[in-house]
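To start, the structure under review is shown below, and the notes come after it.
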Amino acid sequence: GNEVLPTTVASYLYNNTVEFNRGTEGTTGNGILVASRQWGLTPTVINSSAALTSALKEGHHVVAAVQQDKFSPWGWGTSHEIVLKGYSNGNTYVYDPYNASNNGWYSIELLWREQSTQAVDVNGLGHPFVKVVDV
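Here UniProt numbering is used: position 131 in the sequence shown is 131, and no number is missing along the way.
Following this line, the structure appears as structure tokens:
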């Protein structure tokens, strides 16, 4: 496949949409959907912890907005996007693009409970967890 850099995605969203750094910091939940589709990927919103577990067991990447936890330590309800991949005994591997020292295995149920409730993350989605596949 083609390499798509985070800066390329950010530039596209900033210059062609209102989904990145336009009235809010970072990317909106809808921006995840828009960017995925722009590069030919299929995003699907995950609506339950059971669906999240299934997606991870199937080997899919899931982009997740979480808040009030070690991944978003800034306070005031700030959320942060992390990437989930893999499944082992109720856990998934977290890739944190902001702080690699947070990378590792975490409880799926814990991550689901720590999902963002911010309007910018959930408006139009319902839940801020998105499975992204290349088909």
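No residue lacks a Cβ here, since even glycine has one placed at the ideal position from N, Cα and C.
Bear in mind the structure is a predicted one, so any value in this text is a computation, not a measurement.
Within the stretch 19-95, the complete beta strand (DSSP E) segments of 3 residues or longer fall at 42-45, 61-67, 79-88 and 91-95, listed in chain order. The three-state reading of DSSP puts residue 120 in helix, counting H, G and I together.
Secondary structure at residue 106: strand, using DSSP grouped into helix, strand and coil.
When DSSP states are grouped into helix, strand and coil, residue 4 belongs to the coil group.
In chain order, 43 place their CB closer than 6 Å to the CB of residue 33, counting only its own chain and leaving out the 5 sequence neighbours on each side.
Across the structure, residue 72 and residue 129 are spaced so that their CA atoms are roughly 16 Å apart. Judged by their CB atoms, residue 112 and residue 52 are nearer to each other than the 8 Å cut-off. Residue burial is scored here from C-beta neighbours: residue 29 has at least 16 other C-beta atoms within 10 angstroms and is therefore classed as buried. Between the C-alpha atoms of residue 31 and residue 100 there is a straight-line separation of about 23 Å. In this structure residue 95 is not in contact with residue 108, their Cβ atoms being roughly 15 Å apart against a cut-off of 8 Å. The alpha-carbon separation between residue 134 and residue 41 amounts to approximately 5 Å. At least 8 Å separates the beta-carbon of residue 18 from that of residue 35.
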